[in-house]
Amino acid sequence: MLRGKKNLNKSIFVSSTFRDMQAERDAMRDYVLPKVNEFASRYGRTVELIDLRWGVDTAAVSEEEQNNKVLRTCLDEIERSRPFFIGLIGERYGWVPPEADMAEVLEASSFSIDNLNKSVTALEIEYGALRAKKPPVCLFYFRENPDYGILPEPLRRIYRDGEAGLKRLAALKTDIRARFGPDAKSYTAQVIAEIPPRPGVLFPRLSVTSRAPR
1 MLRGKKNLNK SIFVSSTFRD MQAERDAMRD YVLPKVNEFA SRYGRTVELI
51 DLRWGVDTAA VSEEEQNNKV LRTCLDEIER SRPFFIGLIG ERYGWVPPEA
101 DMAEVLEASS FSIDNLNKSV TALEIEYGAL RAKKPPVCLF YFRENPDYGI
151 LPEPLRRIYR DGEAGLKRLA ALKTDIRARF GPDAKSYTAQ VIAEIPPRPG
201 VLFPRLSVTS RAPR
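When we follow the numbering used here, the leftmost residue of the sequence shown carries the number 1, and every step to the right adds one.
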């Protein structure tokens with residue numbers, strides 16, 4: 001009897017809001033991942049980061065189905081990457097989809113939450129880590145105390161929510177720290193404004209020089 005080949009490729013799902021976390025995601029892709037794969041290659045393994053920041057292809061579905069497909073893809077990729085999960089959190093709670101779309105996707109995934117009024121990022125964290133059926137292998141990194149004051153107001157809004165969003169974000173971070181303790185780390189970041197943005201950059205962004213997590 002022939003046995004199927006063991007899958008030696010490991011996927012890690014990376015969760016964050018998008019526009020404000022470009023620098024961190026780029027650093028993971030360009031600096032962290034090559035070193036991880038250098039180590040993994042000694043054991044005949046490869047690692048990939050699941051990064052959905054460039055969006056989900058919704059060209060083939062109707063406008064009414066687009067939110068549904070985005071949510072389904074997020075949960076499917078988390079499922080494919082289990083138990084590995086990385087969460088990057090700045091000062092944005094993120095996009096909150098319509099509750100009807102949330103309810104439909106969660107029912108199809110046999111996953112229930114008490115409050116459907118959540119951002120996609122909060123849903124990813126609950127599904128992939130906080131309420132995972134099996135213990136996750138996860139790390140969280142909280143960006144703390146950057147100086148957004150050097151940016152003009154339109155750019156500041158990309159990186160920092162208003163009071164309502166910050167309040168919801170604080171509650172989410174409290175839940176993460178309570179559950180994962182030392183696996184939830186903080187780091188400080190230096191904000192370097194790029195005005196105007198470099199050609200080819202999809203969103204106005206910052207260059208972030210991060211000091212070591214604590």
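Using N, Cα and C, we set each Cβ at its ideal position, and we do this for glycine too. All values derive from a computational prediction rather than experimental measurement.
When the Cα atoms are used, K134 and E79 turn out to be separated by approximately 11 Å. Under DSSP, the beta-bridge partners assigned to F13 are I50, F85. In the displayed model, R80 falls within a helix according to three-state DSSP. When rounded, the separation of the alpha-carbon atoms in V47 and P34 is 9 Å. Of the residues E77, E126, L116, Y43, the one whose Cα lies closest to the Cα of R179 is E126. Taken through DSSP and simplified to helix, strand or coil, R72 comes out as helix.
For L151, there is no enclosing alpha helix (DSSP H), as DSSP marks it with neither H nor E.
For V120, there is no enclosing beta strand (DSSP E); the residue is found in the alpha helix (DSSP H) stretching over 120–125. Each of R82, S186, L151 was checked against the Cα of N9, and the nearest Cα belongs to R82.
Of the candidates G181, T174, R168, D175, R168 places its Cα closest to the Cα of G94. By the Cβ rule, the stretch 145–156 counts as touching the stretch 185–193, because three or more pairs are nearer than 8 Å. Under a 10 Å Cβ-count criterion, P98 is classified as exposed, with fewer than 16 other Cβ atoms of the shown protein chains found around its own Cβ. By the 16-neighbour rule on beta-carbons within 10 angstroms, E24 is buried. Put simply, the backbone Cα of K118 is about 19 Å away from that of I158. One alpha carbon belongs to L123, the other to Y43, and they sit about 34 Å apart. For F180, the uninterrupted alpha helix (DSSP H) run begins and ends at 163–180, by DSSP. DSSP, read as helix, strand or coil, puts I113 in coil.
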